[in-house]
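Student: Using my numbering, the letters of the sequence shown correspond one by one to residues 73 to 815.
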Amino acid sequence: MNPSSNKRKSKRVTFEPSTLQVSWKSHLPGLRQSEREAYAFILEFLEEEHMILILEESTEILMGNMRQQAMFCIVALSQVNPPFHLSQKLDLVNVGVSSLFSLPPIMPSLYRRDNASLYLQTVQALDDMLQALVMDGMNPDMLILQHFLEIILPWSLLSDKVHEQMRALGTISRLLRFICNFPELSHMEEFSMSGKLMSIFGLFCMGCNHEISIEASEALHYLFKILVLQRSVKQKTETILKDLQKHFRGAWLASLQDLTLFFKKYLTPEERADMIMVSMEAMTNTSRHDISAASKMLKMILKYTIPEIGKVPEIIQYIYYHMNSITETTAQKTIKKILYLLSQYYTDEVILTLLKIEDQSQKGVCRPWEILASFPKGYETIMDYLLQRLTPHQRSKDQEPSHRTEISPLIATRAIHELLLEPSRRMEVQSFFSSLFMALLFQISFLVVEVDTEISQDQQHIAEWVDPISSTVEALKTLMRSSGYGDYVSSIQRHGGWWLLVNPERHYDGVTVLARSLVINNCWHNRPLFSSIIRFLQDPDCKNHLTALVFLTELLQCPDVAALVDDFTTRILANWFKSEEPAIVKPLLQMLEVFAKHENMICRSALCHTAAVLGWSKLKAVFAEKDVWNILGALLEQETNKALWFLKQCVALFKSPQVPIRWAAVWFAGQIIQTLDLEEIDEIEEAYTERCGLLEETLAHSLKSTSPDPIAWYLSATGPRPSCSPLSFLCLCFSPKAHAERL
């Protein structure tokens, strides 16, 4: 195996000298005579297309010292001006590494003692050459080191020969040890391989070959030392170095513990991402040992709260495209854990990346949404986050978002739709059904009625994929189906509700149909929906308040929901009369009708609450004193077509044990009868004749009351039994003339 770009020919490595020829010739005038002779000697071989001195010997076996002498020559030349160009240095490193690493294993049976010594001298010569070439003036250049590592690392990663891996790791280890001797390094901020090196060395530390593990452990130790010297606080440097020294040449577990520490404290976000990527790549290998080592290392570095990580889209893309090739159970769990953690800390990046990948590739290859849905707590967290992103226009202008708002409402809607399609989390959907239902409905209203013209780039991307309104409606349908309300979706369809919902002119009719379907079918979530709407209406500046009021008006037709109305609710609703907009007042007046129908509301306190709800400017004078008689009169005036229904309710309350209720019921009945025409009076006269006894009993009971009951007053003046019928008596008792005489 030869990871370098050189070609083998006649058992020797040839060299293409184009870059060396031009650059070296141009700098000959600046050299001393002896240096010119050395350059000329090398150029003579290059011009004649001979091999450079490093490659003069065969790679089959180490026989002479030509290599080491050539490398020593390069070391000497590197100390003079002009210095080697980067391309020249890389060519020299490539040739030197290839010529040495390609040698067969140095076996005692094949080499005499002097041959072994020659090999060690040649290794030393290579180390000297690398150390000389990595220098930039008085300090090592970390960018040059990075280029060197890109040449050397393939020998450890791609080779299947142990001796080649050991030589590569040993060379890197000694080069890093050399760099540790310098307190200042050039271009350290631009050195970006720390994460990759940590992962590579860490994996080799857990390798099954003990010698390779030792070499990797030493390389990891010196890498740690460089990072401590360059990135730690000076006061802590000495203490950390002492701790590292204790672990040096110790058990590989101690090295991995250090690795976890350095992952969190000494790597940049991008370097941490590189470390994760290299480990994930190892999980796609065929070796179960490599997979196990990669899984173990990832578990260790991600065991606790993860620090900031860069290149999240690249990590997600790798998971997406390689998930199916990772078949080992432990590795699959580790990959899922990584996706889960990233989705918790970098929800925006994860969601955006997944959606963009799915737009660019065929679905079905990998379903990352299934992975996200496989973690119950994670699923809830992501859905809650998307719910917040779904309605950014509902937040106050002064309220700053708590997260990076990269996800637009349309993207959030699409992501929610994808997650709702996963059947494994039906129980979790129930917990946030009401909030998500109203958020999607508000989003539809926002798109249909307000028609936001400021569309972000991400929104345009989604708009090209599918119509925003249609996609939001589909998400709402999917939510209902996922919650077991598939029949409701069909019912709304039969009544034209979905069509009305997307029609700008009939949108609120569609909202009514949607709410009515939930009421008629006695939806289990009606009460939670009521609570969500009331919480939403607490904010006087909230958007889509008309949608909320229209929906609530219909929802209150459910007795269980109406029973939840209390003082707190009525105060919230009353505040909305301040707008004095007819479109808002209309649903509020309709709510009054619902309150009046409810059996637990024709008492005085409930009517006073209703009066508070109806605190509209046109009725302020009437409601100022909260007079029950004026309130009932105003109600009858507003709802004349409900007169017969009101009368039925009044008669039902004639037998109430509470005197104020009987009093108000009888009085209101008299007021109602006065609004009826003769035909209606004759019709109900016959129907209520059978109840004469009830009325008489009520009137007689009123005689015992000490309150200024108008019925008691009338009976005390005319006798205990009126000669007229009950309804006629009520008309007489509470006619304007009789009322005036009573007063």
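Ideal placement from N, C-alpha and C gives every residue a C-beta, glycine not left out.
Going by other Cβ atoms of all chains shown within 10 Å of its Cβ, with 16 needed for buried, is leucine 192 buried or exposed?
Tutor: Start at 1 with the first residue of the sequence shown, and residue 192 comes out as number 120. Leucine 192 is exposed by the Cβ-count criterion.
Student: Quick one: using the 10 Å Cβ neighbour count with 16 as the cut-off for buried, is alanine 655 buried or exposed?
Tutor: In the sequence shown, the residue the question calls residue 655 occupies position 583. By the 16-neighbour rule on beta-carbons within 10 angstroms, alanine 655 is exposed.
Student: Compute the distance between the beta-carbons of alanine 204 and serine 150, then report whether it is under 8 Å.
Tutor: Reading the sequence shown from its first residue, position 132 is the one you call residue 204. Reading the sequence shown from its first residue, position 78 is the one you call residue 150. Yes, Cβ-Cβ distance for alanine 204 and serine 150 is below 8 Å.
Student: Leaving aside the five residues before and after glutamate 626 along the sequence, list all residues of the same chain whose C-beta is less than 7 Å from its C-beta, in chain order.
Tutor: One-based indexing of the sequence shown puts residue 626 at position 554. Excluding positions up to five away in sequence, the list reads Thr584, Ala587, Arg588 and Val591.
Student: What's the gap between the Cα of serine 446 and the Cα of leucine 411?
Tutor: For the purposes of this step, residue 446 is identified with residue 374 of the sequence shown, where counting begins at 1. For the purposes of this step, residue 411 is identified with residue 339 of the sequence shown, where counting begins at 1. Here the C-alpha atom of serine 446 lies approximately 11 Å from the C-alpha atom of leucine 411.
Student: Alpha helix (DSSP H) containing cysteine 722: first to last residue?
Tutor: Numbered from its first residue, the sequence shown carries residue 722 at position 650. From DSSP, the alpha helix (DSSP H) with cysteine 722 extends over 715-724.
Student: Suppose contacts are defined by Cβ-Cβ distances below 8 Å. Is glutamate 400 in contact with methionine 349 by that definition?
Tutor: The count along the sequence shown starts at 1 and reaches residue 400 at position 328. The count along the sequence shown starts at 1 and reaches residue 349 at position 277. In this structure, methionine 349 does not lie closer than 8 Å to glutamate 400 by Cβ.
Student: Can you give me the Cβ contacts of leucine 704 inside the same chain, cut-off strictly under 8 Å, excluding the 5 residues immediately before and after it?
Tutor: As a first step, residue 704 is located in the sequence shown; it is residue number 632 there, counting from the start. Within the same chain, leucine 704 has close Cβ partners Leu679, Ala736, Trp739, Phe740 and Gln743.
Student: Taking its Cβ as the centre, do 16 or more other Cβ atoms sit within 10 Å of histidine 579, making it buried, or is it exposed?
Tutor: Residue mapping note: residue 579 aligns to position 507 of the sequence shown, counting from 1. The residue in question, histidine 579, is buried, as its Cβ has 16 or more Cβ neighbours within 10 Å.
Student: Considering only the alpha carbon of each residue, which of Phe514, Tyr457, Gln515 and Phe518 lies closest to leucine 491?
Tutor: Counting from 1 along the sequence shown, the entry for residue 491 is found at position 419. For the residues Phe514, Tyr457, Gln515 and Phe518, the minimum Cα distance to leucine 491 belongs to Tyr457.
Student: Between the segment 479-490 and the segment 639-658, do at least 3 Cβ pairs fall closer than 8 Å?
Tutor: No, the segment 479-490 does not touch the segment 639-658.
Student: Since leucine 660 contacts methionine 510 with CB under 8 Å, what's their CB separation in whole angstroms?
Tutor: Translated into the one-based positions of the sequence shown, residue 660 becomes position 588. Translated into the one-based positions of the sequence shown, residue 510 becomes position 438. Between methionine 510 and leucine 660 the Cβ distance is about 19 Å, and since that is not below 8 Å, they are no contact.
Student: Using DSSP with H/G/I as helix, E/B as strand and the rest coil, what is serine 496?
Tutor: Start at 1 with the first residue of the sequence shown, and residue 496 comes out as number 424. Helix at serine 496.
Student: Here's the rule I'm using: 16 or more other beta-carbon atoms within 10 Å means buried, otherwise exposed. How should asparagine 616 be labelled?
Tutor: As a position in the sequence shown, residue 616 is number 544, starting the count at 1. Answer is buried; the Cβ neighbour count reaches 16.
Student: Leaving aside the five residues before and after cysteine 280 along the sequence, list all residues of the same chain whose C-beta is less than 8 Å from its C-beta, in chain order.
Tutor: On the sequence shown, position 208 is the one that residue 280 refers to. Excluding residues within five positions, the ones whose Cβ falls inside 8 Å are His361.
Student: So, aspartate 632 versus asparagine 598, is the Cβ gap smaller than 8 Å?
Tutor: To locate residue 632, count along the sequence shown from 1; it is residue 560. To locate residue 598, count along the sequence shown from 1; it is residue 526. It is a contact, given that the beta carbons lie within the stated cut-off.
Student: Which residue comes first and which comes last in the alpha helix (DSSP H) that contains valine 234?
Tutor: Along the sequence shown, one-based indexing puts residue 234 at 162. Here the alpha helix (DSSP H) through valine 234 covers 234-251.
Student: Between the Cα of leucine 221 and those of Asp213, Ile244 and Asp232, spot the shortest distance and give me the residue it belongs to.
Tutor: Mapped onto the sequence shown, residue 221 falls at position 149. Taking only the C-alpha atoms, the option nearest leucine 221 is Ile244.
Student: Distance, Cα to Cα, lysine 405 vs aspartate 232?
Tutor: Against the sequence shown, residue 405 aligns to sequence position 333. Against the sequence shown, residue 232 aligns to sequence position 160. Each residue's alpha carbon lies about 28 Å from the other.
Student: Any chance you could list the alpha helix (DSSP H) runs of at least 4 consecutive residues sitting entirely within the segment 601-655, in chain order?
Tutor: As far as the segment 601-655 is concerned, its whole alpha helix (DSSP H) runs of at least 4 residues are 617-627, 631-634 and 639-647.
Student: Check whether the segment 369-381 touches the segment 328-336, counting contact only when three or more Cβ pairs, one atom from each stretch, lie closer than 8 Å.
Tutor: Note that the segment 369-381 touches the segment 328-336; at least 3 beta-carbon pairs, one per stretch, sit closer than 8 Å.
Student: Using DSSP with H/G/I as helix, E/B as strand and the rest coil, what is asparagine 594?
Tutor: The residue labelled residue 594 in the question sits at position 522 within the sequence shown. Of the three classes helix, strand and coil, the one that applies to asparagine 594 here is coil, per DSSP.
Student: For methionine 207, write down the residues that DSSP places opposite it in a beta bridge.
Tutor: Position 135 of the sequence shown, counted from the start, is the residue given in the question as residue 207. In DSSP, methionine 207 forms a bridge with Pro212.
Student: By a C-beta neighbour count over all protein chains shown, 10 Å radius and 16 as the cutoff for buried, is valine 300 buried or exposed?
Tutor: Numbered from its first residue, the sequence shown carries residue 300 at position 228. Per the 10 Å Cβ criterion, buried.
Student: CA-CA distance, leucine 257 and serine 415?
Tutor: Start at 1 with the first residue of the sequence shown, and residue 257 comes out as number 185. Start at 1 with the first residue of the sequence shown, and residue 415 comes out as number 343. In a straight line, the C-alpha of leucine 257 is about 37 Å away from that of serine 415.
Student: From the DSSP output, read off the bridge partner residues of serine 258.
Tutor: Your numbering for residue 258 matches position 186 in the sequence shown. In DSSP, serine 258 forms a bridge with Asp213.
Student: Please give me, in chain order, every unbroken run of the alpha helix (DSSP H) with length at least 4 that falls completely inside the segment 555-586.
Tutor: 558-566 and 569-573
Student: Taking the straight line between their C-alpha atoms, what separation do you get for serine 651 and threonine 619?
Tutor: Walking along the sequence shown from the start, residue 651 turns up at place 579. Walking along the sequence shown from the start, residue 619 turns up at place 547. Near 15 Å, if we compare the C-alpha coordinates of threonine 619 and serine 651.
Student: Which value, in whole angstroms, describes the spacing of the CA atoms of methionine 355 and proline 226?
Tutor: Your numbering for residue 355 matches position 283 in the sequence shown. Your numbering for residue 226 matches position 154 in the sequence shown. Answer to the nearest angstrom: the Cα atoms are 18 Å apart.
Student: Restricting to Cα atoms, I'd like to know which of Met214, Glu283 and Ala197 is closest to methionine 238.
Tutor: The residue you call residue 238 lines up with position 166 of the sequence shown. Closest by alpha carbon: Glu283.
Student: For a test of the three-state rule: what should DSSP assign to glycine 382, helix, strand or coil?
Tutor: For this step, residue 382 is matched to residue 310 along the sequence shown. DSSP places glycine 382 in coil when its eight states are reduced to three.
Student: How far does the alpha helix (DSSP H) with lysine 375 in it extend, from its first residue to its last?
Tutor: Numbered from 1 along the sequence shown, position 303 holds the residue referred to as residue 375. Looking at the DSSP string, lysine 375 is not in any alpha helix (DSSP H), and its letter there is neither H nor E.
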